[in-house]
Amino acid sequence: MVASLLAVGANPAGADTDTADHAAKTGACVGDALGDQMFTDVSDMHAFKDAINCIAYYGITNGTGDGSTYSPNQDVTRAEMALFIARAAGVAGVDLGDAMGDEFDDLDGVWQEARDAINQLADNGMISSGGDYRPDDAMTRAEMAHFLVGFLAEAASNVTIDSSGAILLGTGGTAAAADDWFADARAALPRSSDAEVSAIYELGITKGASAAAVQDDTMPPLDLNYEPHGTVNRGEMAAFITRALAHTPARPEGVSAQYDGTNVVLSARDGNFAPVENVVIDVFRTDTGGADLAFRADGSCGEVSRMGESGSEVGTYICEIDSADEITGGDGNASVPLGSIDDGGTTVWAWTGDNEDKVDGDTNLFRLDVPEGASTSMADRARVSTEHSAAKAHLGSSVLYTVQLQDANGNVTVGADGKKPASLLVRLTTTALIPDPSDTNPDDGQDVIDDPAGSSLLSTLPLTTDGDGKATFSVAGGPDTMTSVKADKYRVGIEIRVRPDGNGPANTAYYIGNATTPASPDGTTGLITVGPVIFSTEAGSRAAADVTVAVTPAADFVAAAARGASARATVSVTDQYGDPVPNIWCSLASTGAGDITIGGNRNVGSDGAYTFRYERVGDTAATETLTASCDQDGDDQTTADTGTDTVEWAAAAGATGTTADIREVDTDANIIFAGDDGSVSVVRYDSNDRFNIESGASGSRTTVASTYAGFERSISDADTLSWTIVGSGSRAVNTYTLHKPAT
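Residues 486 to 1228, numbered by our numbering, are exactly what the sequence shown covers, in order.
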């Protein structure tokens, strides 16, 4: 047996360190800082357009020539670089003091502002001093790293240089040196310069310059070249500086808002871009698709909602400055949980004013659009699934499995720390199977046993989740060493667990397939059993034990009607491999929902399926059980060859309903199915109705009025519905209350 018996393929298992661990979650280039500065040589399609406009907004560049151009492709000289860094330091709140005199021997002839900047950086220990400065030389990428690290050591709280010269990233007891490095930089630079290059990678300031010749993302170094001796042009310089500014307090003047993957970070800055403390900021939200309905014609708020977690929303009054709104701290920032992101994205507005001011047409609002999927919620569970649901797989094929990181609200993109991917281990146990010598009647299906002459082959497969929080692997059997015998040939056992320090969910939080409860790990190994796959060469079977008959209703919930309502259900027949069993007859029977006759015997097609159409007359609620019976082997016997499913027929909602379980929602049709099995109601609403939302902790529940859009946004977060219906039609004003789970 060879390794090919194991994993046919898996996504690459990258080294845990292969990521920018300290990249900033918010930046300096938002809002007004992205306004077009009208440089004639910077097009809308320029790769560094935003960065160039941003440093011009902050006064870090004044352009070239008469100021109408920027010259993005021109190399940056060392004199220019010093000036850019000195100006950036001022924006970030670093007081460089006055230049104390020349720190280098070759500054004669350098214009005064640049000369002062060079000396200020040297005076403050931000760059090395002494000897020649070479002001007219082009700045190299290695030198750029030196300048940026010196700048951030003064301007950022998460970069320090200790007494030994080591560059530490992070804050408090977690600060540590960079653990990523570029092979070409390490080979070409002194240790201190290499450390500077590694630091700006970890900080998300550089992304490398080109692909390395050797690609192996299972271990360091990075699969990138830094090209340390390459020069830096003015466009690239703008990108470097803006990424560095993201780590500093620099933010645009006024109020701005950014999303960090979990929270909306609110910032207040004065005209010098310095943090402003004790600024009261009001925030509110809506789904991006409904943003056109957020304001009325006079500029006042329309269909918007408060921010914050249910039961602890921000502010007492929506769209009004009050004492319960967010207040900036000493860093000029405040933070508000965004919660779930709406389908299609969420839009947030932030503003400030005097107490009791309300949003109107003159209010200066900052708009933040958060796209769907932007959340970086941390994983606390994982689901392992496969689309192969049959008992066996054909030898020669492979079975694909997917591991998806999740939290209580659904799929997430990062591991347990909310930042990095998760690393997992899959253990595969492949056992060869041979004919059972004691099988006296192999014609009815060859019995097999584990091959006593061979031991099971164990293999460990490392996985690392991708940008979607997903990892995949596939398994297959080995070669057929006994082609004359058609039987089961291999059994592949599959187990999984998080790697030590792998940033994955605990091994008690793995859900297999569609399970609603997690699997129990082995008490000794901690491994979670995913399940075996049998690879076989036996012929497709029509034996009752091997055939699966399934019923799939077109809809699980159907509105009942006195004049009759139509329904459909598909019956499918598959063998032990999940392959269709064609050209047999099936019938479909209904019980529990009144006198319903469905078709009769019908032949399934080449796809092994037939769709039955039928009608139910009656406006009462009922649970209908559909039972399919098939003669898969032509013996006119169907007792063992059946499949079932249910349909809930829903009656029109009565005048009142109290905390009925929400079963299914169709917001396009404005329909909610609610209630217990056998007594489901179909509730119809429109924008003319009144809506409320109840939420909060047990014992302190509150009910607040909502808008039509807010009601629809909250349906997915609620578990029950109450209603009072006074009439039908668009003129009737009915009342609906969603009840969210207690917090």
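Just so it is clear, CB atoms sit at the ideal spot from N, CA and C, and this is done for glycine as well.
Beta-bridge partners of residue i, as assigned by DSSP
i	result
F1158	E1149 and V1167
N1088	W1070
G1128	A1113
P760	R754
V977	T915 and V1018
T1141	T1209
R770	S790 and V833
Q889	R868 and K955
I690	The partner list for I690 (beta bridge, DSSP) is empty, contrary to what the question assumes.
F851	A835
P947	L910
K971	DSSP output for K971 lists no bridge partner at all.
H879	S1021
N894	According to DSSP, which records beta bridges pairwise, N894 is partnered with nothing at all.
Unbroken beta strand (DSSP E) run spanning residue i, endpoints
i	result
C1071	W1070 to T1076
Y995	Y995 to I997
A742	G739 to Y744
E1179	R1175 to S1180
R1101	A1094 to G1103
R671	Careful: R671 lies outside any beta strand (DSSP E), inside the alpha helix (DSSP H) at A668 to A673.
Y1221	T1220 to H1224
S1191	T1187 to S1191
Endpoints, alpha helix (DSSP H) assigned at residue i
i	result
Q1117	Careful: Q1117 lies outside any alpha helix (DSSP H) and carries neither H nor E.
A567	R563 to V576
D679	R676 to E687
T727	R719 to L730
I540	K534 to Y542
R984	First-last for R984: undefined, no H or E at that position.
Y555	Here Y555 belongs to no alpha helix (DSSP H), and DSSP marks it neither H nor E.
CA nearest to the CA of residue i, picked from the options
i	options	result
A518	P737, L853 and T771	P737
V821	D810, D827, D828 and G815	D810
T1105	D551, G1079 and Q1117	G1079
A577	L730, V1218, I1200 and I1083	L730
V1050	D669, I1081, G1212 and C1071	This sequence places Ala at residue 1050; Val is not what is there. For the residues D669, I1081, G1212 and C1071, the minimum Cα distance to A1050 belongs to I1081.
P734	Y543, G1093, T993 and I1200	Y543
T656	A662, A668, I646 and S642	S642
Y975	P927, G1011, P920 and A1035	P920
S797	R1186, D1171 and V1218	R1186
Q522	V1036, S1091 and K534	K534
D1007	T966, R912 and D973	R912
S1172	N558, T1220, V1132 and M967	T1220
D590	G615, T1055, A670 and I934	G615
D1130	V1102, G594, G1212 and V1036	V1036
D892	G954, W834 and A876	G954
G739	E598, S752 and P964	S752
A1107	A779, I766, A1190 and A1044	A1044
V634	D622, R619 and A651	A651
Beta-carbon proximity check, residue i vs residue j, cutoff 8 Å
i	j	result
M624	T562	yes
D777	T831	no
N609	E639	yes
D986	R1027	no
D503	L823	no
A1004	T1014	yes
T1152	S1207	no
G800	E762	no
V888	A864	no
F1176	V1167	no
I981	L1012	yes
G720	A532	yes
H631	S683	no
G829	G881	no
A663	L654	yes
A1054	P1067	no
V1165	C1115	no
D1041	E1179	no
V833	S785	no
G903	T968	no
Near the ligand ZN: residue i beta-carbon under 7 Å from a heavy atom
i	result
K955	Of ligands this structure carries none, so the ligand ZN is not represented either.
For this session: Only counting runs of 4 or more residues, tell me where the alpha helix (DSSP H) segments fall wholly within the segment 776 to 846, in order along the chain.
Result: none
Exercise. Which ranges does the beta strand (DSSP E) cover as unbroken runs of at least 3 residues, wholly within the segment 590 to 659, from first to last along the chain?
Worked result: Segments of the beta strand (DSSP E) lying fully in the segment 590 to 659: 644 to 646 and 652 to 654.
Exercise. Hey, which unbroken runs of the beta strand (DSSP E) at 3 residues or more fall wholly within the segment 998 to 1085?
Worked result: Scanning the segment 998 to 1085 from its first residue to its last, the whole beta strand (DSSP E) runs of 3-plus residues come out as 1018 to 1021, 1033 to 1038, 1042 to 1044, 1046 to 1059 and 1070 to 1076.
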